[in-house]
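Enquirer: Provided herewith is a single structure, encoded as structure tokens, for subsequent inquiry.
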Amino acid sequence: MRIPVTRAKVQTPHTRARRAVSALCIFLLTTMLLIPDIVAGARLSILVVTTERGPAYEEVMAGLRTAVADVLDKKLSVREISTGEFTRAAERTPDKNAPDLIVTVGTGAALAVVQSRPAVPVYCSFLPQSAYAVLADRVRGEPARLSAIYLDQPFARQLRLIRLALPGHARIGVILGPDSRKIERTLRSSAIATGATLRVEQISDEKQLVGAIHRVMDDTEILLAVPDALVFNRSTAQSALLTTYRLGKPVAGYSRAYVTAGALFAVYSTPAQIGRQVGEELLTILDKPGRPLPVPSYPRYFSVEMNERVARSLGFEPGQVGDLTRRLAEQTTEISHE
Amino acid sequence: MPDFRAYPNKIPRTNCRRVALTRAIGMLLVAAASTLTWAEEPSLLSEQEFLGELPVVLTASRLAQPQAEAPAAVTVIDRQMIDASGVRNLSEVFRLVPGFLVGFESGHVHVVTYHGLADKASPRLQVLVDGRSVYLPSFGGVAWSDLPLVLDDIERIEVIRGPNAASYGANAFLATINIITRHSAADPGGFVRASAGSNNIRDGVLRAAGGEGNLHYRLTAGYQEDNGYAQVVDSREIRQMTGRVDHSKGKNDIEFHFGYNEGPRGRGDPGDPTNIPREQEITSRFEQLRWRHRLDGGGDVTLQYYHVHHEWDDRYQTLPLPIPIPPFSVIIPVVLDVRSDRYDVEFQHTLSAWKTVRMVWGLGVRQDESLSPTYLGTPKGITEHLYRLFANVEWRATERLLVNAGAMYEHYDITGGDVSPRLALNYRLLPGHTIRASVSRARRQPVAFEERSNERICADPGCTFFDQVYLSSGQLRPERIDSSEIGYLGRLNPSVNIDLRLFRDQVFDLISDFKRPYVADLADGRTFDFRNGGKATLFGSEMQFQYQPKRETRVILSMANTQIESNDYDSFYSSSGPRNNVSLLALQDLSPAWQVSSAFYYQDPMRFIGGDPLGVLRRLDLRLARRFRLADARGEAALVFQNVLGAQTAYSVETRNAQVGYLTFGLQFR
């Protein structure tokens, strides 16, 4: 059986014989390494399952590999497959080549892996907190250990950015849909912690979005976009941005694309930043006896992007982005648990 | 173990009704969803929500300029200011704008002007409601009481202090008022307001708004009644209805507005047998349609059509008038009907030409019709056309220097072609501190009555004997204003904003009436005519200071110091504005429920053209409001006292603003 260790190796042209030999070697090596793995301090074998192939996932992997470069292939082995490959493999030979830990990259990968109920711990990454919450809820009480590094930002960080960028007493409008509704309490406690004033409007259908924006922006100065699969998402971004534009008020987005499209600013984590944090967490796992998973956490590394033209049009001073990021980082000490 | 497949696959479903622009994303999401082997989750967000590209909808070219980058001084009156000021009449809120003067010729004839140069028509100001000019082409100025517009529907008012013909064309002369109503999606549900107070104040508003998705509507009905001034026949009853529909689909927005305002207005003078006390019937209505199409890569095109109709129906008979051969007397039927219609079509294109250059250009045509057999001496309507072509360019020359250059070319049937240019430089000294220097020229076109008046009162059916009251020689030139200004806008800290302006306006060819001999007139052998005679120079300084230390506290101080120099007779122009005027609006939320606000106004002596000399004016209005919830509805009750310091003369000796109190009660249902 041929087990691709990395994609690059598979793609390298070899003769059929050499391929077979090397595949055999890798197979033997992996098997040998897996057996003594229960011994503490032994090499940690990690299977990374990505939702799909693509530049964003490659960036996560690159960030991860850079972070663990010093110990890679010495104390740590990393094998990467896509969700499709994982599912097919799971159907054929469920428990063969079982790693010590599965790292998932993306919601789709997390779903597939958690659904397969693996015997090893699963460390999810690159997925929104809300998606993880649903997964964690589904497997509650089951023995498999589960944790995550989210892709979205903690509310406290987003609210702090707004407070830093709009000094004074900006009131913040938020619209929650059926999916995001359950985070209202978290949102409110973050608001108390950061001294922000919120106005929250709940809707159940995307048809109510425009009306809700009008209502909520009536006595608020900025709209914080909170992603929701049904209400506030990429397909409704256009009408949301247009509506706030008509009202002459800015939107704080949750992705870089939102800023490009017309949001005033956004705090977000790049795939490489998430990958770096995954790598760093793997190193701490490696060093701890019993190798427990860390608790679920929000991204440690983040970027701030501001749309300068929108900023200028709304009367903000552009060129503050570097300063904002620095001040936000200074204020950010709490980010792990919300 | 929960069954993951039990949930309907909603991810693709939510994407199936998308507009064309987002179809690509929809496909991407569907593709992403299909890779999820267990994708039947009802509403699991994926990383795609954070990664994928979005359609770019806002580029700066679609956004209005911030105040610090506008080529002129702009004062914004927002909803909170309108509410806190406690006004019942729209015209009164302009007292909050530096340099603005508000007078009441009668309870329903309101005079609003900037710095001065206003008679009761106040024709030297442009007023737009949602981009629609409500300037009356027959007599000029704005019939403030006759506008189909309820105060509760206003989102905000932008007042451009200084000439602005390069953007708004003819008659954006001393200043431009831009009233923006609320989007129809802003207040869904029902709204009811009722007010009652002294002087027979009886006001009511009913509003219904609804819609969902891309289509929203609003329908507002309003009623307003009071007795006006005690010594003037000026009672009024305003019945109005306005509607607005907003539809957006993909890259297109369509707005439709309509409205009417009607009702009796008291008129006449008990001591004048030719001008008996009576009720005039007003009919005012409009329709407006605007289509906006957003272009790929920023920018948009807008096409707008509107029609504004205004009508006074005023027919009566004089009391018996003695004639030179006693004991006979004559009763003369008087017809003072006036109708005016304005039709306007405009095309506008906004674009970002280069990274540092934004531009708007457009063209339009306007047709003004005036019909008044008595004042214009012809049973046929008079039609005038105005064609315009305009362009404004905003060039960010350096990071700190912004150049705004613009011009409007207009061709008017009466006066021919004219160009109104403007050049403004905005320089950012430091973050939050901007200085502005600008020069501009604007024109006011003569209105139908000035150019073509022919008003005679006939003593016999064949009109052999008549009194020629007005007869225009015509050939008027437009009035011209050359303006230069230096401004400073500062945000001293997040809670303190300051706006300073030094200005010098030179006004030429002011049109005014004068008496000239007219032999056919048997009454006195003279008639009034119009000519371009007057010149005036207005200069001075003004300031607006806003202090908002926290959300619950707000103070807005406006001050203006103005001098008018003129070659006028009897200080006609030079005393038409006060040396100093001040307004101070303060509001404070005492608790989430209670709010108190006060507005104080001070004005040095002045005299409106045609009015009586006014002394120093000090006015204080107070308002106490309480917000509450009634089941699902949000309500507010407010008690307002106006002229707390005592009665004030507003225009002439007869129009003294008495102390007034009223209670208003509003309820917004979801």
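Protein sequences appear in the order of chains A and B.
Just add 922 to the spot in the first sequence (first one is 1) and you have this note's numbering.
Just add 32 to the spot in the second sequence (first one is 1) and you have this note's numbering.
Ideal Cβ positions, reconstructed from N, Cα and C, are used throughout, including at glycine.
1. Quick check: residue 296/B and residue 269/B, are their CB atoms within less than 9 Å of each other?
2. Beta carbons nearer than 7 Å to chain A: which residues of the segment 195-224 of chain B have them?
3. Taking only beta carbons into account, state which residues of the segment 586-617 of chain B come closer than 7 Å to chain A, listed in chain order.
4. In angstroms with no decimal places, state the Cα-to-Cα distance between residue 676/B and residue 651/B.
5. Within 10 angstroms of the Cβ of residue 338/B, are there 16 or more other Cβ atoms? Answer buried if so, exposed if not.
6. Could you check whether the Cβ of residue 91/B sits closer than 9 Å to any Cβ belonging to chain A?
7. Would you call the segment 388-407 of chain B and the segment 474-486 of chain B in contact, with 3 or more CB pairs under 8 Å?
8. Could you tell me the distance, in whole angstroms, from the CA atom of residue 534/B to the CA atom of residue 130/B?
9. Within 9 Å of any Cβ in chain B, is that where the Cβ of residue 1177/A sits?
10. List the residues of chain B whose Cβ lies closer than 9 Å to the Cβ of residue 1190/A, in chain order.
11. Would you mind sorting residue 549/B into buried or exposed? The rule is 16 or more other CB atoms within 10 Å of its CB.
12. Determine the DSSP secondary structure at residue 1171/A, reduced to helix, strand or coil.
13. Note down, one range per segment and in chain order, each beta strand (DSSP E) of at least 3 residues found wholly within the segment 455-491 of chain B.
14. Can you name the residues that DSSP bridges to residue 341/B?
15. For chain A, check one thing: does any of its Cβ atoms lie closer than 9 Å to the Cβ of residue 246/B?
16. Which runs of the alpha helix (DSSP H) spanning at least 4 residues fall entirely within the segment 361-424 of chain B, listed in chain order?
17. For residue 285/B, is the classification buried or exposed, using 16 other Cβ atoms within 10 angstroms of its Cβ as the cut-off for buried?
18. Name the residue from 595/B, 661/B, 627/B and 304/B whose alpha carbon lies nearest to the alpha carbon of residue 638/B.
19. May I ask you to report which of helix, strand or coil DSSP gives residue 209/B?
20. In terms of alpha-carbon separation, which member of 1023/A, 1236/A, 998/A and 1038/A lies closest to residue 1010/A?
21. Which of the three DSSP states is assigned to residue 141/B in this structure?
22. Go ahead and label residue 174/B buried or exposed: buried means 16 or more other beta carbons lie within 10 angstroms of its beta carbon, across all protein chains shown.
23. Could you check the C-alpha separation between residue 1101/A and residue 1143/A for me, to the nearest Å?
24. Drop a sphere of 10 angstroms on the beta-carbon of residue 152/B, count the other beta-carbons inside from all chains shown, and report buried for 16 or more, exposed for fewer.
25. Just to make sure I have the definition right: I need the residues of chain B whose C-beta is within less than 7 Å of the C-beta of residue 1236/A. Which are they?
26. May I ask you to list the residues that DSSP assigns as paired with residue 548/B?
27. Which same chain residues end up closer than 6 Å to residue 672/B when comparing Cβ atoms and leaving out the 5 residues on each side of it in sequence?
28. For residue 404/B, go through chain A and note every residue whose CB falls closer than 8 Å to its CB, in chain order.
29. Can you find the residues in the same chain that come closer than 6 Å, C-beta to C-beta, to residue 56/B, ignoring five residues on each side of it along the sequence?
30. If distances are taken between C-alpha atoms only, which option among 278/B, 374/B and 331/B comes closest to residue 391/B?
31. Taking the continuous alpha helix (DSSP H) assigned at residue 1036/A, which residues delimit it?
32. Answer with yes or no whether the minimum CB distance from residue 661/B to chain A is below 9 Å.
33. With burial defined as no fewer than 16 other Cβ atoms inside 10 Å of the residue's Cβ, what is the status of residue 495/B: buried or exposed?
34. Give me the Cα-Cα distance between residue 1163/A and residue 323/B, rounded to the nearest whole angstrom.
35. With DSSP as the reference, label residue 682/B as helix, strand or coil.
36. List, in chain order, every chain A residue whose beta-carbon is nearer than 8 Å to that of residue 78/B.
Expert: Based on what the coordinates show:
1. Cβ distance < 9 Å, so residue 296/B and residue 269/B count as in contact.
2. Listed by position, the residues of the segment 195-224 of chain B near chain A (Cβ gap below 7 Å) are 215, 217, 218 and 220.
3. Listed by position along the chain: nothing, the set is empty.
4. C-alpha separation (whole angstroms): 7 Å.
5. Its Cβ being crowded by 16 or more others within 10 Å, residue 338/B is buried.
6. Residue confidence for residue 91/B is low, a pLDDT of 41 falling below 50, so the modelled location carries little weight and cannot support an answer.
7. The segment 388-407 of chain B makes contact with the segment 474-486 of chain B; the number of CB pairs closer than 8 Å reaches 3 or more.
8. Rounded to the nearest whole angstrom, the C-alpha separation of residue 534/B and residue 130/B is 12 Å.
9. Chain B contact via Cβ: present.
10. The answer, in chain order, is 82.
11. Residue 549/B counts as exposed, since fewer than 16 other beta carbons sit within 10 angstroms of its beta carbon.
12. Coil at residue 1171/A, not helix or strand.
13. If we require 3 residues or more, the beta strand (DSSP E) runs fully inside the segment 455-491 of chain B come out as 465-476 and 486-490.
14. Within the DSSP bridge table, the entry for residue 341/B names 317/B and 373/B as partners.
15. Residue-level contact by beta carbon holds for residue 246/B and chain A, with a gap shorter than 9 Å.
16. The segment 361-424 of chain B contains these whole alpha helix (DSSP H) runs: 405-408.
17. Result: buried.
18. Closest option to residue 638/B, Cα to Cα, is 595/B.
19. Strand.
20. Closest in alpha carbon position to residue 1010/A, among 1023/A, 1236/A, 998/A and 1038/A, is 1038/A.
21. DSSP places residue 141/B in strand when its eight states are reduced to three.
22. Residue 174/B should be labelled buried.
23. Taking the straight line joining both Cα atoms gives about 24 Å.
24. Counting Cβ neighbours within 10 Å, residue 152/B comes out buried, since at least 16 surround it.
25. Below the 7 Å Cβ cutoff, chain B contributes 98 as neighbours of residue 1236/A, in chain order.
26. According to the DSSP secondary-structure assignment, residue 548/B is paired through a beta bridge with 559/B.
27. Excluding sequence neighbours, residue 672/B sits near 118, 655 and 694.
28. What residue 404/B touches in chain A: nothing, since even the nearest Cβ is about 40 Å away.
29. Legend: pLDDT at residue 56/B = 42, less than 50; position of this residue unreliable, value from coordinates given subsequently. Excluding sequence neighbours, residue 56/B sits near nothing in its chain.
30. With distances taken between Cα atoms, residue 391/B lies closest to 331/B.
31. 1029-1037 is the span of the alpha helix (DSSP H), which, as asked, contains residue 1036/A.
32. The Cβ of residue 661/B sits no closer than 9 Å to any Cβ of chain A.
33. It is exposed - the Cβ of residue 495/B has fewer than 16 other Cβ atoms within 10 Å.
34. Cα to Cα, residue 1163/A sits roughly 19 Å from residue 323/B.
35. Residue 682/B falls in the coil class under three-state DSSP.
36. Close partners of residue 78/B in chain A (Cβ separation under 8 Å): 973, 1028, 1029, 1030, 1049, 1050 and 1053.
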